[in-house]
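To start, the structure itself, in structure tokens.
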Amino acid sequence: MADAFVILTSEIQGKSLAILFINSNKGKPLLVADDYTFKLNKATATTKYWICTIKDCAAKVHTDSNNGLMKSVGNHSHLPEKEKLVVREVREKITFFFKIFSPLTFQLIFIQQNMHCIIYNSLKY
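Numbering of the sequence shown is given in the UniProt record's numbering, commencing with residue 1 and proceeding in unit increments.
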């Protein structure tokens with residue numbers, strides 16, 4: 001396993017790895033690279049330092065101020081978390097749609113529940 005990661009690490013240094021940014025449950029940015037998740041540890045004017053979200057994992061990623069991948073440091077002490085990322089993505093989409101449609105849904109429920117009053121008041125005049 002360590003040998004495979006060393007090869008992957010050298011590929012990261014040689015070419016730009018696709019990275020993705022998502023939000024944590026608390027709304028903070030997370031960096032996803034190769035199905036591993038990193039949280040922002042420190043930011044300077046030129047560099048952002050990301051650490052693996054798994055406690056005691058030594059893997060780190062450095063990005064520039066525009067979130068371009070600069071380098072990967074250390075090895076992961078665990079397997080990738082593909083399943084957790086899929087669950088997080090689905091949960092994020094559900095939350096997004098709930099925020100969009102929730103007010104409209106509540107308005108429709110209110111109208112539906114009060115339809116008899118609306119009809120009664122319109123017949124009254």
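Just so you know, even glycine gets a beta-carbon here, dropped at the ideal spot from N, CA and C.
The Cβ atoms of residue 32 and residue 40 do not sit closer than 7 Å to each other.
Excluding the 5 residues flanking it on each side, residue 50 has same chain C-beta neighbours closer than 8 Å at 31, 38, 39, 40, 41, 60, 61, 62, 63, in chain order. Leaving aside the five residues that flank residue 48 on each side, the residues in its chain whose CB is nearer than 8 Å to its CB run, in chain order, 40, 42, 62, 63, 64, 65, 67.
If you draw a 10 Å sphere on the C-beta of residue 72, you find 16 or more other C-beta atoms in it, and that means buried.
In this chain, the beta strand (DSSP E) harbouring residue 60 covers 60-64.
Counting of Cβ neighbours within 10 angstroms places residue 69 among the buried residues, the total reaching 16 or more. Rounded to whole angstroms, the separation of the alpha carbons of residue 88 and residue 80 is 14 Å. For the pair residue 93 and residue 35, the CB atoms are not nearer than the 7 Å cut-off. When rounded, the separation of the alpha-carbon atoms in residue 84 and residue 95 is 16 Å. Ranked by Cα distance from residue 54, the first of 90, 75, 100, 91 is 75. DSSP places residue 69 in the uninterrupted beta strand (DSSP E) bounded by 69-73.
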